[in-house]
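Residue numbers (this note's numbering): 1 to 188.
Structure, rendered in C-alpha cells:
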C-alpha cells in the first residue's frame with residue numbers, strides 16, 4: 001500500500017491508471033477489480049490503509065496527555081498536521097477537487113479517510129456513549145471538525161494556538177469533555 005500511495009502522490013488521481021497501480025503493488029488488474037469495484041474505491045482504500053497503519057502512532061501521541069480534553073485537542077491538531085503534510089490527502093478533502101461525475105464517490109472517499117483519521121482519537125478518549133448511534137454521530141461531528149480544520153473556514157485561523165483555543169471552547173464541551181463532565185468509557 002505504501003507503493004500505491006507513493007504512486008498516487010506522484011501521479012495524482014486524475015492521471016492514475018489502475019494497471020499501473022496494480023503493477024506497483026505486484027498484482028494483476030483482475031485482482032484489483034476483484035476486491036475493488038472501481039478506481040475510486042481503490043484510491044479510498046489506499047488512503048485509509050495508509051492512515052490506519054499510522055493509527056497506533058497517533059494513539060501514542062494522543063496518550064501523552066493525561067487530560068481527555070487535551071487528548072481531543074492535541075489529537076485533532078496531530079491529524080490536521082498529518083493531513084496538511086500530505087498534499088494528495090489534502091486534495092481529497094478540498095471542495096471541487098473532482099469533476100461532477102466523481103462527486104458522490106469522492107464524498108464517500110473523503111468520509112472513509114476522515115473516519116480513519118478520527119478513530120484513534122475516539123479509541124483513546126474516555127467517552128461513554130449511550131449507544132452505537134451516539135458514537136457514530138460523535139465520529140461524524142469530529143470528521144466535520146477535521147475537514148473544516150483542513151480545508152474549511154477553520155483552516156483560515158491565524159495560529160495553532162488560536163485553533164487550540166477554538167477547539168477547547170467549542171469542540172471539547174460538545175463531546176462532554178469539559179471539566180467535571182467526563183464519563184468513563186463503559187467496559188464491554
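Glycine is no exception: its CB is placed at the ideal position from the N, C-alpha and C atoms.
Got a sec? Which residues, its chain only, sit under 7 Å from residue 25 by beta carbon, not counting five neighbours each side?
-> Excluding residues within five positions, the ones whose Cβ falls inside 7 Å are 3 and 4.
By how many angstroms is the C-alpha of residue 46 removed from the C-alpha of residue 30?
-> 17 Å
For residue 116, does the count of other Cβ atoms within 10 angstroms reach 16, so buried, or fall short, so exposed?
-> buried
Do residue 150 and residue 51 have their C-beta atoms within less than 7 Å of each other?
-> No.
Would you mind working out which of 120, 172, 153 and 131 sits nearest residue 56, comparing C-alpha positions?
-> 120
So does the segment 139-154 actually touch the segment 56-70, counting three or more Cβ pairs closer than 8 Å?
-> no
Mapping DSSP to helix, strand and coil, what is residue 43?
-> Collapsing the DSSP output to three states places residue 43 in a helix.
Sequence ranges, alpha helix (DSSP H) only - wholly within the segment 22-69, length at least 4 | Considered as a whole, the segment 22-69 harbours 29-35, 39-53 and 55-63 as its complete alpha helix (DSSP H) runs of no fewer than 4 residues, in chain order.
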